[in-house]
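All remarks here apply to the structure that follows.
2 protein chains.
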Amino acid sequence: MHAIILSIGDELVLGQTVDTNSAWLSAALASRGIMTRFHETIADDQPAIAEALRWASKEADLVIATGGLGPTDDDLTRQALADAMGVALVTDEASAAAIGEYFAKRGRAMPPRNLIQAKHPAGCAMLPNSCGTAPGLQVKFNRAMIFVTPGVPSELFAMYRLSIEPYLDELAASQPALRRTILTQKINTFGIGESDVAEKLGELMDRQRNPLVGTTVADGLVSVRIRSEFDDPRKAQSELDHTANEAARRLGAVVIGRDSQTLPAALVDVLIAKKARVATAESCTGGLVAKFITDVAGSSSVFAGGWVTYANEMKSSQLGVPMELIIEHGAVSEPVAKAMAAGALERSGADLAVGITGVAGPGGGTEAKPVGTVWVALAHRATEGAATTDARLFLLPGDREQVRDRAAKCALQMLRFHAMGVSIDELRWARKN
Amino acid sequence: MHAIILSIGDELVLGQTVDTNSAWLSAALASRGIMTRFHETIADDQPAIAEALRWASKEADLVIATGGLGPTDDDLTRQALADAMGVALVTDEASAAAIGEYFAKRGRAMPPRNLIQAKHPAGCAMLPNSCGTAPGLQVKFNRAMIFVTPGVPSELFAMYRLSIEPYLDELAASQPALRRTILTQKINTFGIGESDVAEKLGELMDRQRNPLVGTTVADGLVSVRIRSEFDDPRKAQSELDHTANEAARRLGAVVIGRDSQTLPAALVDVLIAKKARVATAESCTGGLVAKFITDVAGSSSVFAGGWVTYANEMKSSQLGVPMELIIEHGAVSEPVAKAMAAGALERSGADLAVGITGVAGPGGGTEAKPVGTVWVALAHRATEGAATTDARLFLLPGDREQVRDRAAKCALQMLRFHAMGVSIDELRWARKN
Numbered sequence: 001m002h003a004i005i006l007s008i009g010d011e012l013v014l015g016q017t018v019d020t021n022s023a024w025l026s027a028a029l030a031s032r033g034i035m036t037r038f039h040e041t042i043a044d045d046q047p048a049i050a051e052a053l054r055w056a057s058k059e060a061d062l063v064i065a066t067g068g069l070g071p072t073d074d075d076l077t078r079q080a081l082a083d084a085m086g087v088a089l090v091t092d093e094a095s096a097a098a099i100g101e102y103f104a105k106r107g108r109a110m111p112p113r114n115l116i117q118a119k120h121p122a123g124c125a126m127l128p129n130s131c132g133t134a135p136g137l138q139v140k141f142n143r144a145m146i147f148v149t150p151g152v153p154s155e156l157f158a159m160y161r162l163s164i165e166p167y168l169d170e171l172a173a174s175q176p177a178l179r180r181t182i183l184t185q186k187i188n189t190f191g192i193g194e195s196d197v198a199e200k201l202g203e204l205m206d207r208q209r210n211p212l213v214g215t216t217v218a219d220g221l222v223s224v225r226i227r228s229e230f231d232d233p234r235k236a237q238s239e240l241d242h243t244a245n246e247a248a249r250r251l252g253a254v255v256i257g258r259d260s261q262t263l264p265a266a267l268v269d270v271l272i273a274k275k276a277r278v279a280t281a282e283s284c285t286g287g288l289v290a291k292f293i294t295d296v297a298g299s300s301s302v303f304a305g306g307w308v309t310y311a312n313e314m315k316s317s318q319l320g321v322p323m324e325l326i327i328e329h330g331a332v333s334e335p336v337a338k339a340m341a342a343g344a345l346e347r348s349g350a351d352l353a354v355g356i357t358g359v360a361g362p363g364g365g366t367e368a369k370p371v372g373t374v375w376v377a378l379a380h381r382a383t384e385g386a387a388t389t390d391a392r393l394f395l396l397p398g399d400r401e402q403v404r405d406r407a408a409k410c411a412l413q414m415l416r417f418h419a420m421g422v423s424i425d426e427l428r429w430a431r432k433n
Numbered sequence: 001m002h003a004i005i006l007s008i009g010d011e012l013v014l015g016q017t018v019d020t021n022s023a024w025l026s027a028a029l030a031s032r033g034i035m036t037r038f039h040e041t042i043a044d045d046q047p048a049i050a051e052a053l054r055w056a057s058k059e060a061d062l063v064i065a066t067g068g069l070g071p072t073d074d075d076l077t078r079q080a081l082a083d084a085m086g087v088a089l090v091t092d093e094a095s096a097a098a099i100g101e102y103f104a105k106r107g108r109a110m111p112p113r114n115l116i117q118a119k120h121p122a123g124c125a126m127l128p129n130s131c132g133t134a135p136g137l138q139v140k141f142n143r144a145m146i147f148v149t150p151g152v153p154s155e156l157f158a159m160y161r162l163s164i165e166p167y168l169d170e171l172a173a174s175q176p177a178l179r180r181t182i183l184t185q186k187i188n189t190f191g192i193g194e195s196d197v198a199e200k201l202g203e204l205m206d207r208q209r210n211p212l213v214g215t216t217v218a219d220g221l222v223s224v225r226i227r228s229e230f231d232d233p234r235k236a237q238s239e240l241d242h243t244a245n246e247a248a249r250r251l252g253a254v255v256i257g258r259d260s261q262t263l264p265a266a267l268v269d270v271l272i273a274k275k276a277r278v279a280t281a282e283s284c285t286g287g288l289v290a291k292f293i294t295d296v297a298g299s300s301s302v303f304a305g306g307w308v309t310y311a312n313e314m315k316s317s318q319l320g321v322p323m324e325l326i327i328e329h330g331a332v333s334e335p336v337a338k339a340m341a342a343g344a345l346e347r348s349g350a351d352l353a354v355g356i357t358g359v360a361g362p363g364g365g366t367e368a369k370p371v372g373t374v375w376v377a378l379a380h381r382a383t384e385g386a387a388t389t390d391a392r393l394f395l396l397p398g399d400r401e402q403v404r405d406r407a408a409k410c411a412l413q414m415l416r417f418h419a420m421g422v423s424i425d426e427l428r429w430a431r432k433n
């Protein structure tokens, strides 16, 4: 069973918006053994959308088209579907009432232009939209079952769960021959290069192997992707687990976790397990480490808080970093990073604190401290309440955004290693001082 | 002239990674009048990649394939191109030396597997990679000029500038008939809904109009997209400017700026112009406002720093918020937001400070203060150095990530309005207290 995904919108064809819906849909379909043959993007052009729908309806069993159901004049998908099918647009009274109610609930008058969203090509079923005003559409046309959903990701996701998934469940139940189980898992690492990951994985990466193992680099993380494909779902799962566990064992402490597990979530998990609270003192990362930690729901029990001491006076007045230290060594230096961490530890009452100071660029670099130079210090309570600090130097590649992102992730991984009782030197990118 | 973009990688077909390269390439090509007909994604499967290259080489004048040039066994694009062309892979000695040098410069031994990156299908030119080890490939095959680049975005972007763009320049110079100028501009707004934007734009959104005007919603921002297409480049530019200026005039203060201008960058611009420094006191946004501001290069001159007072003790000990206030009104309340802003203003010495406290979810909501309840307060120096504070209540939709993102953006837009001398009530989403 093959699918085609059509993403509709000028902003996609012109590259003004990145199409995230196709990846999400492909992942959802792949997990059920349905392979997506094409992602195609189409402009807000009624004849082009109609032509694409006609073509896709002959090429695939399942067509999911997203976008072009909004209330404005550049939303043309429902009109194009009517053209492709050779039918007229008709108004659905129940949908018109539902749209009116959506606005009434929010105490707003319905803009008249929203009424177009109650129309559909004759013969289509309308799909309820649980988080917006545009209903979706469903129709069997040529070889394919066609679903049309809004392009707003949250509305698409809800409609997939509510209407598309139940259809696929029913289909799989009635045609077991269609089913082949494809299970995937991703193992995410931070602090090791792609070639080194491949060396450690060795023969697990053989292309003839099932489960199949590959690697991908994104945002400084190297991820190991595992794909297990078998007729028997239990076999697919046990083989997947076996390969994933073996890969994780070979990679060691740099493994953050599986699938969508993020580095901040992995850190929060360890902190919760160890009942340890952290605080942050940030300069070049400007709040990014705190932001990453508080992205995680439930982080409030392990995150005391943080300081963004961008100006030197703030480092001194708020964290007690002696101004002489800053003058003597510079704001980007080992002693200042350590003093920031120690100040944050003392003032927050946390068990563990991190201090980060560096040159994120694009300006500010010198020969001795080029852009990408970042000091990360950890402060923690040793025996008798005295604070111990330790620091590492990083020379990070990339532009301002990349340097800040990697610096924040190095800080998170160092905090995680410390909380786990693993040496921070396992983070190979750090230069020991 | 038409292009096809092929994105190669299991992670794309399985939806584990979002394809951002296609959007970037489409935008780069569109700005030169080259329309991308298809984005196609293909798995790490040698025959499938070969078949896609063969098909695309007959359908388009320009084919750009990204991904599958890495050093591991799942990188198969160069082998597939050799298959498609019916030629052998040969080693390029200059590339082998360059790859060895890349590792030598970084003080590391070259992993033997990286040598595959020095191979290319006979007859292809190799394209230098200025920020990685994998050279690209270029070859005229069937109707198309084919470029193959690495999938790592930074390497693709550099290779496009270095090798693909000069080829397109030369082509346009030799075949003026191919040239048709398509210019685009995006006007970004924050704080107004899509239907309201459409009402204000009125007849500018007529689909017969050139320049063509559409709207898109992403990350809480409504963007107006303008596309101007003429033979004469000067006419295309003047018509684009005219429509863009008229649209911006109709929309007013909610307009952040054009194209890639972000809300934080717009705020930093205003602060620089007004010589005003800001400080941040964040609870539910956990550092996100500070992160947004310091994303902007050059923000150090207008950003004093900030506090992430996640725990109530931190609000009290670091910002001087009276604990009785927190007990009486709750941490998410107007008085606490105001006290946070006032504390940050006083302690930082900045001209303007923002305090944010709210319920980001998923837990923590109550009937009186549901998830999405956020108070944003501004503190600024009035005459005689006394601080004045003002606060607004927001009821923000969405999940934890969305509530935090929108709350941070509301804070940035309120800071921007205040610095511009515009009433913060222009931010229509705020509920006046």
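Residue numbers (this note's numbering), protein chains in the order written: chain A, 1 to 433; chain B, 1 to 433.
A virtual CB, placed ideally from N, CA and C, is assigned to each residue, including glycine.
Other residues of its chain near A150 of chain A: CB distance less than 8 Å, five sequence neighbours each side excluded: Residue identity check: residue 150 of chain A is Pro in the sequence provided, not Ala. Here the set comprises T66, G67, L69, G70, N129, G132, A134, G136, L156 and M159.
Beta carbon proximity, G349 of chain B to chain A, threshold 9 Å: Yes, its Cβ sits closer than 9 Å to a Cβ of chain A.
With the cut-off set at 9 Å, would you say M35 of chain A and V18 of chain B are in Cβ contact? When the beta-carbon positions are compared, M35 of chain A and V18 of chain B stay at least 9 Å from each other.
Contact set for A88 of chain B: own chain, Cβ-Cβ below 6 Å, skip 5 residues either direction: Annotation for A88 of chain B: A122 place their beta carbon closer than 6 Å to its own, counting only its chain and skipping 5 residues before and after.
Proximity test, Cβ basis, 9 Å: M205 of chain A and chain B: Chain B places a beta carbon closer than 9 Å to that of M205 of chain A, counting this residue as a contact.
Would F303 of chain A and I256 of chain A qualify as a contact pair, given that the criterion is a beta-carbon distance under 9 Å? Contact flag unset, no.
Is the region 348-358 of chain B touching the region 275-287 of chain B, taking contact as three or more C-beta pairs under 8 Å? Counting C-beta pairs with one atom in each stretch, the region 348-358 of chain B and the region 275-287 of chain B have three or more that are closer than 8 Å, which means they touch.
Option in B:R400, B:L183 and B:I424 with minimal Cα separation from S299 of chain A: With distances taken between Cα atoms, S299 of chain A lies closest to B:R400.
Just to confirm, is the Cβ distance from I5 of chain B to S26 of chain B under 9 Å? Yes, these two residues count as a Cβ contact at 9 Å.
Give the interface partners of D295 of chain B over in chain A, defined as CB-CB distance under 9 Å, in chain order. Correct list: G286, L288, R400, E401 and R404.
With Q509 of chain B as the anchor, note down where its alpha helix (DSSP H) starts and where it stops. Since the first residue of chain B shown is 1 and the last is 433, residue 509 of chain B is not available in this structure.
Could you pull the start and end residues of the alpha helix (DSSP H) that G252 of chain A belongs to? Annotation: G252 of chain A is outside any alpha helix (DSSP H) and is labelled neither H nor E by DSSP.
Where the alpha helix (DSSP H) containing P121 of chain B begins and where it ends: Taken as a continuous stretch (DSSP letters only), P121 of chain B belongs to no alpha helix (DSSP H), being part of the beta strand (DSSP E) at K119 to P121.
Delimiting residues of the alpha helix (DSSP H) encompassing Q318 of chain A: From DSSP, the alpha helix (DSSP H) with Q318 of chain A extends over N312 to L319.
Please report the distance separating the alpha-carbon of D437 of chain A from that of T373 of chain B. In this structure chain A extends from 1 to 433, so residue 437 of chain A is not present and cannot be described.
How would you label E11 of chain B, buried or exposed, when you count the other beta carbons within 10 angstroms and need 16 or more for buried? Buried, since its Cβ has 16 or more Cβ neighbours within 10 Å.
For L25 of chain A, the three-state DSSP class (helix, strand or coil): Looking at L25 of chain A - three-state DSSP - the assignment turns out to be helix.
Give a yes or no on whether the minimum CB-CB distance between H380 of chain B and chain A is below 9 Å. No, because no Cβ of chain A sits closer than 9 Å to the Cβ of H380 of chain B.
Would you mind reading off the limits of the beta strand (DSSP E) that contains R227 of chain B? For R227 of chain B, the enclosing beta strand (DSSP E) covers residues L221 to F230.
Enclosing alpha helix (DSSP H) for V308 of chain B [first to last residue]: Where V308 of chain B is concerned, there is no enclosing alpha helix (DSSP H), although the beta strand (DSSP E) around it starts and stops at F303 to V308.
According to DSSP, simplified to helix, strand and coil, what is M126 of chain A? Note: M126 of chain A maps to strand in three-state DSSP.
Anything in chain A within Cβ reach of G306 of chain B, meaning under 7 Å, just list it in chain order. Near G306 of chain B (Cβ distances below 7 Å), the residues of chain A are G287 and V308.
Residue environment, M323 of chain B, which counts as buried when at least 16 other CB atoms sit within 10 Å: So M323 of chain B counts as exposed.
Can you list, in chain order, the stretches of the alpha helix (DSSP H) that have 4 or more residues and sit fully within the region 137-224 of chain B? Within the region 137-224 of chain B, the complete alpha helix (DSSP H) runs of at least 4 residues are 153-159, 165-174 and 194-201.
Would you say T181 of chain B and P233 of chain B are within 9 Å of each other, going by their C-beta atoms? Yes; because the gap between Cβ atoms is below 9 Å, this pair is in contact.
Taking the C-alpha atoms as reference points, what is the distance between W375 of chain A and R392 of chain A? Computed Cα separation, rounded: 6 Å.
So, is H242 of chain B buried or exposed, given that buried needs 16 or more other C-beta atoms within 10 angstroms? Counting C-beta atoms within 10 angstroms of its own C-beta, H242 of chain B has fewer than 16 neighbours from the protein chains shown and is therefore classed as exposed.
Reference A311 of chain B; option with closest CA among A:N312, A:R347 and A:A339: Taking only the C-alpha atoms, the option nearest A311 of chain B is A:R347.
Which residues in the same chain have their Cβ closer than 7 Å to the Cβ of K274 of chain B, if we skip the five residues on either side of it in sequence? Correct list, in chain order: A419.
Do A408 of chain B and L288 of chain B count as a contact pair if the criterion is CB distance below 9 Å? Contact: yes.
Check whether the Cβ atoms of N188 of chain B and S223 of chain B lie closer than 9 Å to each other. It is a contact, given that the beta carbons lie within the stated cut-off.
Alpha carbon to alpha carbon, what distance is there between N114 of chain B and A96 of chain B? The straight-line gap from Cα to Cα measures roughly 9 Å.
Does the Cβ-Cβ distance between L319 of chain B and G343 of chain B come in under 9 Å? Yes. Within cutoff.
What first and last residue would you give for the beta strand (DSSP E) that runs through L378 of chain B? Where L378 of chain B is concerned, the enclosing beta strand (DSSP E) stretches over T373 to R381.
Within the same chain, show all residues whose beta-carbon is closer than 7 Å to that of D259 of chain B, passing over the 5 residues directly before and after it, in chain order. Same-chain partners within the cutoff: Q185 and K186.
State yes or no: is the beta carbon of F38 of chain A nearer than 9 Å to at least one beta carbon in chain B? Yes, F38 of chain A counts as interfacial toward chain B.
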